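Counting with mature numbering (1 follows the signal peptide of the UniProt record, and there is no 0), you get residues -24 to -1, 1 to 342 for the letters of the sequence shown.
First up is the structure itself, then whatever we jot down about it.
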Amino acid sequence: MKRIYLILAISFMTLLLCTPVTLAREVTVQGYGTTRDEAINDALRNAVEQAVGTLVDSQTLVQNAEVVKDEIYTKSRGFVQDWTIVSEQRSAGQTVITARVQVDTNPNSRLMGQLQRLKLIEQGLRDPRIGVIIPEYHISAPIPDPAGETAVIKKLIEAGFSRMVDARQIQNIRYTNTVKSIMQGNRDDAISFASSQGLDYIIIGEAFSTRNSYLYGLVSCGARLEAKIIKADTGEVIATNGLYGTGVHSSEFIAAKMALNEAGEKMGDYMVQQLMAFASNPEKGVQLIVKGITSYNKISILESELKQLRGVKNVYVRGYNGGIVTIDINYTYAPKTLASELEKLSGINLSITDISNSGIQAMMKY
């Protein structure tokens, strides 16, 4: 009998040692915002900060000449695994959310299931419309119905991205100079094309396949696929990579397709990971473009007032030319909320002319 208990004990300990440990921590936090979505975003950010505890930047927010509170913000890429809303209250135009949040404290973890990904797609990326354009060439000849592009789209759909642009909608542009220009970093072409197609993000690239060898009636082909994710409204590059694939078949054309498909699947996985990492960081960048500026003093006043707004973490003046100023803002809430606050500024009179997923355009009024 003792021997049986000993065997059972050893088996149990072995099972414990072999079971993978998920570095996750559950915390209960509150989030505040003018809308429910903003309150959830605030709660998720607070949970990541509390659980991960990576103190990168400390900033004191000042409002109405009083110190509101000292906020600790984190740049950690820890993932929110799941959350449950415990209570929800709305009072005086503000929503308060209390939530139990499970945060994965391993920054390299990919332990996010379909439900968590769907939540991040909806909450962190605002259910984006994505276009994928990856022209393919086999020994310098264009390939119809690109396999790598199809594989990337398939991976994104499997991850939960539902608003993918039909490849047939943009097939006429696939092998044009516009795609080459965007790949070479032409920001204006990227923004113009995205606007014409109603896109929030563009995944754009190129793929090449070549014949490697021929042996025993089989052709071996290799492929390389390069691609990057671009925020459509600002032209910002979120991620970029180049990956390889191989294929073997009696037909050289099919072997090339197999190699391109393998490279495309790898790229699709990579793009999903990068979009999820981007979504899991609740502090997003908003680009503000203001026209009609008559002096640099106005920019200084605008910069100072922006820093006092709730949710604004950092403000960077990127350029000023011809009466137009471009400002990058690290902001935790939705652009539409920031736009509403901009029209209430006391020292500057702005009229909002355009709002996108991560950009605002305004005109100075006098």
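Backbone N, C-alpha and C fix where the C-beta goes; we use that ideal spot for every residue, glycine too.
Note that this is a predicted model, so its numbers are computed, not measured.
- In this structure, F184 is the residue among V288, K260 and F184 with its C-alpha nearest to the C-alpha of G221.
- The beta carbon of Y272 sits closer than 6 Å to no other beta carbon from its chain once the five residues preceding and following it are set aside.
- Within the model, the alpha-carbon separation for G298 versus G181 is close to 34 Å.
- In the assembly as shown, V62 is an exposed residue. Its beta-carbon has fewer than 16 other beta-carbons within 10 Å.
- Around D103, the same chain offers I97 and R139 as residues with beta carbons nearer than 7 Å, after the five sequence neighbours per side are excluded.
- The residue from D245, Y8 and E112 with its alpha-carbon nearest to that of F229 is E112.
- Annotation for R294: the continuous beta strand (DSSP E) segment containing it runs V288 to N297.
- Selection R163, E281 and K274 evaluated against I300 yields K274 as nearest (Cα-Cα).
- DSSP places V301 in the strand class (E or B) of the three-state scheme.
- By a beta-carbon distance limit of 8 Å, L132 contacts G244. Their separation comes to about 6 Å.
- If you check the CB distance, L278 and V262 do not come in under 8 Å.
- Contact between V72 and V56 fails: their C-beta atoms lie close to 19 Å from each other, not under 8 Å.
- Just so you know, the alpha carbons of G136 and R105 end up roughly 12 Å apart.
- In the structure shown, A208 adopts coil according to DSSP, grouped into three states.
- When DSSP states are grouped into helix, strand and coil, D58 belongs to the strand group.
- Look at the beta carbons and you see the region 156 to 171 touching the region 199 to 211: at least three pairs across the two are nearer than 8 Å.
- The residue among N217, A23 and G174 with its C-alpha nearest the C-alpha of Y246 is N217.
- Judged by DSSP secondary structure, Q337 falls within the beta strand (DSSP E) whose first and last residues are G335 to M340.
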